[in-house]
Every structure is written in C-alpha cells, then in structure tokens.
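For the sequence shown, my numbering begins at -3 and goes up steadily by one.
The C-beta atom is built at its ideal place from N, Cα and C for all residues, glycine as well.
Here the structure is a predicted model, which means the values were calculated and not measured.
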Amino acid sequence: MEPARRRGAATYDDLLALPEDARAEVVRGEVLMSPAPLPRHSKVQRAIARFIGGPFDDDDGRGGPGGWWILLEVDVRLSEHDIVRPDLAGWRRQRLPKPWDQRPIDVVPDWVCEVLSPSTMRHDRLTKARLYREAGVPSLWLIDPEARLLEAFQLRDESWVEAARCGDEDTLAIPPFGVIDLEVARLFPPE
C-alpha cells in the first residue's frame, strides 16, 4: 500500500493541522499519509540508533568519536513543499549546534536512514531518495529488514553512488560512520 495522498501546494502548516499522531510528510506539495510501521521496522530502527548513538551521539563520545546528533522520526524541511520524516537522521554538531526546539529542522541532514517496509519501500527508494539527493544529503542508508540487507550510498556529483551493500553475514565500516565496524546481523531481529 502506497502512502495516501492529499493534493495541493501543501507546506508544514498543513502537517500541523493534522492530528498529532498522524504519520505524514509533504512531498512535492502533497500531503502523504503512511500507516504505522510493523514491529520489525521499529526493532531495526532502534538497533541502528543504538549502534550509531553510542559512539557518535553520546555527549562524551564514549566508544567513538562523538560529534553527531542522531534523531529518530523528526520533521526535516528540505524545501517549502518537501517536509519529510526520515526513520533516522544525523547531523554533525558543528552544522546543527542545538536541535532541541526546532520543528521542523531546517538544516539538511548529513546522513539519513530509511528502514524499508512493504507499504513504503517504493516511496523510500525512489521518491525520498531523490528528494535527499536534490537537497544535497551526503549519505543515505536504506535498510531492508525482510531481505536483511543494508545499502549505503554517498552523494557524488549530484548522484547516488553505492558505498556498501551488506547482508547479515557482513561486518564492515560503512560511511559516514566508517571509524567503527558494524556487525550487520545485529540490526535485524532473530529469524
């Protein structure tokens, strides 16, 4: 099931008019509603946040270099008519010193991760990946829990270039968090 659409030249004000718990984004001026994710999606999302958050988002950088804000499901304004809610997004702290009271965040992320669900896979892979590319997001991860696959892309010359394609048997350093190894199997719930 693709996200439900409401046509028009929608902006962030249209999202604010929706119920607080609505899962919605504005893409090319259309409000898109999405169903709540499956529990597997949430489990993978939390695992990624744990893996990256500890070494990169801890205030003291315990176990890693620190220097990032890693946030889950926050509204990010890429343009007036493109407001998305990535599953995870990361900003280097020098670019976004204090994100706590910003809604939406108007600074383009340095990294975005989308956990693919059957209902939103096409939207995440095509539409949102294109929006992130056009906005200049340097790094994009797409994680498919059903295929147990992580695909990492880097923006080069306004195009996505595959930086890594990893299954759950892989352990490797993946940009932009390449200073530590990721054991990909730990992202997915047991089979």
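If you pair each beta-carbon of the segment 37 to 56 with each one of the segment 83 to 91, do three or more pairs fall below 8 Å?
yes
Just verifying my parser: in three-state terms, what is the DSSP assignment at Gln150?
strand
Need the endpoints of the beta strand (DSSP E) that Asp177 sits in, please.
177 to 179
By the DSSP assignment, the alpha helix (DSSP H) with Glu130 in it spans what residues?
125 to 131
Please specify which runs of the beta strand (DSSP E), each continuous and at least 3 residues long, are wholly inside the segment 24 to 101, giving them in chain order.
DSSP runs (the beta strand (DSSP E)) wholly in the segment 24 to 101: 26 to 29, 64 to 68, 72 to 75, 78 to 80, 84 to 88.
Tell me the DSSP secondary structure of Arg189 in three-state form.
Residue coverage of the chain in this structure runs from -3 to 187, which leaves residue 189 outside it and unanswerable.
Extent of the continuous beta strand (DSSP E) to which Leu136 belongs
135 to 140
In terms of residues, what are the limits of the beta strand (DSSP E) holding Leu11?
Looking at the DSSP string, Leu11 is not in any beta strand (DSSP E); the run it does join, the alpha helix (DSSP H), is 8 to 12.
One question on the structure: do Val27 and Asp9 come within less than 8 Å of each other, judged by their Cβ atoms?
At least 8 Å separates the beta-carbon of Val27 from that of Asp9.
Spatial neighbours of Glu187 in its chain, beta-carbon cut-off 7 Å, leaving aside the 5 residues before and after:
The answer is none, since no qualifying residue turns up.
Count the other CB atoms, across all protein chains shown, that sit within 10 Å of the CB of Gly132; report buried if there are 16 or more and exposed otherwise.
exposed
Are the beta-carbon atoms belonging to Val180 and Leu146 less than 8 Å from one another?
Remark: C-beta atoms of Val180 and Leu146 approach each other more closely than 8 Å.
When the Cα atoms are used, what is the spatial distance from Leu151 to Asp140?
20 Å
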